Amino acid sequence: MLKQCEGSHAVAEAVALCRPEVICAYPISPQTHIVEGIGEMVKSGELKDCEFINVESEFAAMSVAIGSSAAGARTYTATASQGLLYMVEAVYNASGLGLPIVMTVANRAIGAPINIWNDHSDSLSQRDCGWVQLFAETNQEALDLHIQAFKLAEEISLPVMVCMDGFILTHAYERVDMPTQEQVDAFLPPYEPRQVLDVNEPVSIGAMVGPEAFMEVRYLAHAKQMQALERIPQLAAEFKSVFGRESGGLIRSYRTEDAETIVIAMGSVLGTIKDTVDEMREAGHKIGVLGITSFRPFPLVEVAAALKHCKRFVVLEKSLAVGIGGIVATNVRMAVTGMGLKGYTVVAGLGGRAITMKSLTGLFEKAGRDELDPVNFLDLDWKVVNKQLEREREKRRTGPAAEAMLRDVGAVAARNY
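Taking the working numbering, the leading residue of the sequence shown gets 8, the next gets one more, and so forth.
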């Protein structure tokens, strides 16, 4: 059924159609509307046989999710930014225990300074936590990915994050095709947990593991991710057969067949990039787009295949690995090792900074001439940055630390003399 609604409400309805049995939630912008929407459905009786648990923190939300999932309940939660960081210990525990929890991450910048707007710093900070990470380009894809996420999580017994851009998607009103309960039931079977806590047959979970077995346990988590790498495109094909539209998968190519330059990105910025590429194509530029849906597991083989005919790639990422540059780009470079491609990292949109077609056009034209630096910062105000750097240099030259250092040097020189 076609309907116009906010992205958060679309996700709330999609989650409800998956028949969750436990929802545990703590509000944090910009995910709050999702759990509010589900809470209203539970209270009204529209979502039956589901317990909505208000908790005192994000750490508690994931802890409750671990308990309910271990007890055999289909479990869902949502968070963002500092909320995700607050629950990190439990996030690792959830994947380490192999619990099929589904969680929406409404992507938002991490402070300090405090910033509530969108970038991918939160999810990407947890890239090694053992969760599958799927990134949505549109609200329709966010809706669809949640339905696929429950099936994927429960088949391989591994938790899944569905990442959607905060405010850009969560608070945007778009037309979506909302599936029926019958369609979702045909795609997503009732939850049959692989492991269940039972008072009649008590077991211990999360016990201590020594050096003789810990590496093997971690490898098994990696092996599950490799299973997901195979299963994700299969689920996308199954989803299309039931719902009649393509959604999900590992990667998505756009106008790459004859492209000499391919731009790689994740999330909602792909829409702006595609519009820019369309205009540049009309002007004669051979440029295309590669959207990455599955960041974890990372599709090395598929990315390499998508880039094998181009001359260069540009990774546009809404995150920054401080001290080195790119996060997504590091994974892409691993995929194309030995292929002889020129690669550029572009950090953009941090803290919700607008990414405009005008800026992208200039950037991509420079890339086509191979005039970019290895790491670039789109629309960075260099006047502000250089002014602050000069202040820092001046402090080092004249501040108390510098004076103390000069005194120490003078004392040493006097003793030596």
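Just so you know, even glycine gets a beta-carbon here, dropped at the ideal spot from N, CA and C.
All values derive from a computational prediction rather than experimental measurement.
Based on DSSP bridge pairs, tell me the residues matched to V22. Numbered from 1 along the sequence shown, position 15 holds the residue referred to as residue 22. DSSP, once it has assigned bridges, lists no residue as partnering V22.
Under the rule that 16 or more other beta-carbon atoms within 10 Å means buried, what is H229, buried or exposed? Your numbering for residue 229 matches position 222 in the sequence shown. Counting Cβ neighbours within 10 Å, H229 comes out exposed, since fewer than 16 surround it.
Can you tell me the Cα-Cα spacing of K315 and L92, whole angstroms? Numbered from 1 along the sequence shown, position 308 holds the residue referred to as residue 315. Numbered from 1 along the sequence shown, position 85 holds the residue referred to as residue 92. Going by the C-alpha atoms only, they are around 37 Å apart.
Classify T279 as helix, strand or coil using the three-state DSSP reduction. Residue numbering aside, residue 279 sits at position 272 when the sequence shown is read from its first letter. T279: helix per DSSP, three-state reduction.
Those runs of the alpha helix (DSSP H) which lie wholly inside the stretch 298–324 and span at least 4 residues: 307–314
Enclosing beta strand (DSSP E) for Y351 [first to last residue]: Within the sequence shown, residue 351 is the residue found at index 344, counting from 1. Per DSSP, Y351 belongs to the beta strand (DSSP E) from K349 to V354.
Residues bridged to F59 by DSSP? For the purposes of this step, residue 59 is identified with residue 52 of the sequence shown, where counting begins at 1. Its beta-bridge partners are I30.
Going by Cα to Cα distance, which pick from N61, V392, I362 and G44 is closest to D282? Locating residue 282 in the sequence shown gives position 275, counting from the first residue. That would be I362, whose Cα lies nearest to the Cα of D282.
Let me check understanding here. Comparing Cα to Cα, which of V308, T86 and E237 lies closest to M168? Position 161 of the sequence shown holds residue 168. Out of V308, T86 and E237, T86 has the C-alpha closest to the C-alpha of M168.
Beta strand (DSSP E) segment containing M110, residue limits: Looking up residue 110 in the sequence shown gives position 103. Taken as a continuous stretch (DSSP letters only), the beta strand (DSSP E) holding M110 covers V109 to N114.
Could you spell out the range, first to last residue, of the beta strand (DSSP E) harbouring F142? In the sequence shown, the residue the question calls residue 142 occupies position 135. Unbroken beta strand (DSSP E) run through F142: V139 to F142.
Assuming P166 and W138 form a contact by the criterion Cβ under 8 Å, report the distance between their Cβ atoms to the nearest whole angstrom. As a first step, residue 166 must be located in the sequence shown, where it is residue number 159. As a first step, residue 138 must be located in the sequence shown, where it is residue number 131. With 8 Å as the limit, P166 and W138 qualify as a contact, their Cβ atoms being about 5 Å apart.
Closest by C-alpha distance to T84, when choosing among I108, Y99, G74 and L104: Here residue 84 refers to the residue found at position 77 when the sequence shown is read from its first residue. The shortest Cα separation from T84 among I108, Y99, G74 and L104 belongs to I108.
Boundaries (first-last residue) of the alpha helix (DSSP H) holding E162: The residue given as residue 162 occupies position 155 in the sequence shown. Unbroken alpha helix (DSSP H) run through E162: N146 to I163.
Express the C-alpha separation of Y180 and V22 in angstroms, rounding to a whole number. To locate residue 22, count along the sequence shown from 1; it is residue 15. To locate residue 180, count along the sequence shown from 1; it is residue 173. Approximately 18 Å between the Cα atoms of the pair.
Buried or exposed for Y33, please, with buried defined as at least 16 other CB atoms from any protein chain shown within 10 angstroms of its CB. Within the sequence shown, numbered from 1, the residue matching residue 33 stands at position 26. The residue in question, Y33, is buried, as its Cβ has 16 or more Cβ neighbours within 10 Å.
Check whether the Cβ atoms of A101 and V29 lie closer than 8 Å to each other. Within the sequence shown, residue 101 is the residue found at index 94, counting from 1. Within the sequence shown, residue 29 is the residue found at index 22, counting from 1. No. Outside cutoff.
Quick check: the stretch 313–333 against the stretch 343–359, are there 3 or more CB pairs under 8 Å? yes
Cβ-Cβ distance between L379 and A355 below 8 Å: Walking along the sequence shown from the start, residue 379 turns up at place 372. Walking along the sequence shown from the start, residue 355 turns up at place 348. No; because the gap between Cβ atoms is not below 8 Å, this pair is not in contact.
Quick one, which of F142, S254 and I212 has its alpha-carbon nearest V203's? Against the sequence shown, residue 203 aligns to sequence position 196. V203 has its Cα closest to that of I212, out of F142, S254 and I212.
Looking at the structure shown, is D129 part of a helix, part of a strand, or coil, going by DSSP? Residue mapping note: residue 129 aligns to position 122 of the sequence shown, counting from 1. D129 falls in the helix class under three-state DSSP.
Do I117 and Q147 have their beta-carbon atoms positioned less than 8 Å apart in this structure? Mapped onto the sequence shown, residue 147 falls at position 140. Mapped onto the sequence shown, residue 117 falls at position 110. No, the Cβ-Cβ distance between Q147 and I117 is not below 8 Å.
When DSSP labels each residue in this structure, what does M168 get in the three-state scheme? On the sequence shown, residue 168 is found 161 positions in, with the first residue counted as 1. Looking at M168 - three-state DSSP - the assignment turns out to be strand.
Have a look at V270, S64, G358 and I258 and flag the residue whose alpha-carbon is nearest the alpha-carbon of P120. Position 113 of the sequence shown, counted from the first residue, corresponds to residue 120. Minimum Cα distance to P120 is reached at G358.
Give me the DSSP bridge partner(s) of E378. The residue you call residue 378 lines up with position 371 of the sequence shown. E378 pairs with nothing; no bridge assigned.
Could you have a look at H16 and say whether DSSP puts it in helix, strand or coil? Start at 1 with the first residue of the sequence shown, and residue 16 comes out as number 9. H16 falls in the helix class under three-state DSSP.
When the Cα of S254 is compared with those of S260, R262 and A244, which residue comes out closest? By 1-based counting over the sequence shown, the position of residue 254 is 247. Of the candidates S260, R262 and A244, the one whose C-alpha sits nearest the C-alpha of S254 is A244.
Can you give me the Cβ contacts of S366 inside the same chain, cut-off strictly under 7 Å, excluding the 5 residues immediately before and after it? Taking the first residue of the sequence shown as position 1, residue 366 is located at position 359. Only L385 and D386 meet the Cβ criterion.
Would you say V18 and T111 are within 8 Å of each other, going by their C-beta atoms? The residue given as residue 18 occupies position 11 in the sequence shown. The residue given as residue 111 occupies position 104 in the sequence shown. Yes, the Cβ-Cβ distance between V18 and T111 is below 8 Å.
Can you say whether V405 is buried or exposed, counting buried as having 16 or more other CB atoms within 10 angstroms of its CB? Sequence index remark: in the sequence shown, residue 405 carries index 398 (1-based). The sequence given here has Thr at residue 405, not Val. Classification for T405: exposed.
Sheet register partners of E397 (DSSP bridge): Residue 397 sits at position 390 when you count from the first residue of the sequence shown. According to DSSP, E397 bridges with nothing at all.
So what's R134 in DSSP terms, helix, strand or just coil? Residue numbering aside, residue 134 sits at position 127 when the sequence shown is read from its first letter. Note: R134 maps to coil in three-state DSSP.
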